[in-house]
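Residue numbers (the numbering used here): 529 to 632.
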């Protein structure tokens with residue numbers, strides 16, 4: 529099984545991860561404002577609805593991307609697997625949040 533991606537492909541994957549995290553933040557803001565959901569992370573819950581929420585989400589996503597990039601440079605297979613797991617997890621979160629819009 530080939531798990532080593534070219535540098536450009538891993539950059540696109542990390543970009544997708546950052547986009548998914550930011551999209552999760554935007555969807556969360558809309559869902560909470562509409563009374564359809566609540567923030568599941570107790571550390572972020574007090575920040576929802578404030579500018580700080582999106583700043584924390586964006587900075588956290590960038591920090592994770594830089595860490596995953598560093599892991600990829602040192603251990604390419606581990607970096608690829610960890611990045612794919614994070615992207616898949618956030619894709620599932622985005623699907624879940626999107627379904628809350630459709631079902632309510």
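Built from N, CA and C at the ideal position, the CB exists for glycine as well.
Backbone secondary structure at residue i - three-state DSSP
i, result
"residue 627", "helix"
Presumed contact (8 Å Cβ cut-off) between residue i and residue j, rounded CB distance
i, j, result
"residue 575", "residue 584", "6 Å"
"residue 545", "residue 618", "6 Å"
"residue 550", "residue 614", "About 14 Å; that fails the 8 Å criterion."
"residue 597", "residue 631", "With 8 Å as the limit, residue 597 and residue 631 do not qualify as a contact, their Cβ atoms being about 36 Å apart."
"residue 552", "residue 625", "7 Å"
"residue 555", "residue 609", "Going by Cβ atoms, the distance from residue 555 to residue 609 rounds to 26 Å, so no, they are not a contact pair."
"residue 628", "residue 565", "6 Å"
"residue 572", "residue 581", "6 Å"
Through-space distance from residue j to residue i, alpha-carbon basis
i, j, result
"residue 605", "residue 536", "15 Å"
"residue 557", "residue 603", "36 Å"
"residue 539", "residue 563", "36 Å"
Every unbroken alpha helix (DSSP H) within the segment 542-627, with a cutoff of 4 residues, ordered by chain: 579-602
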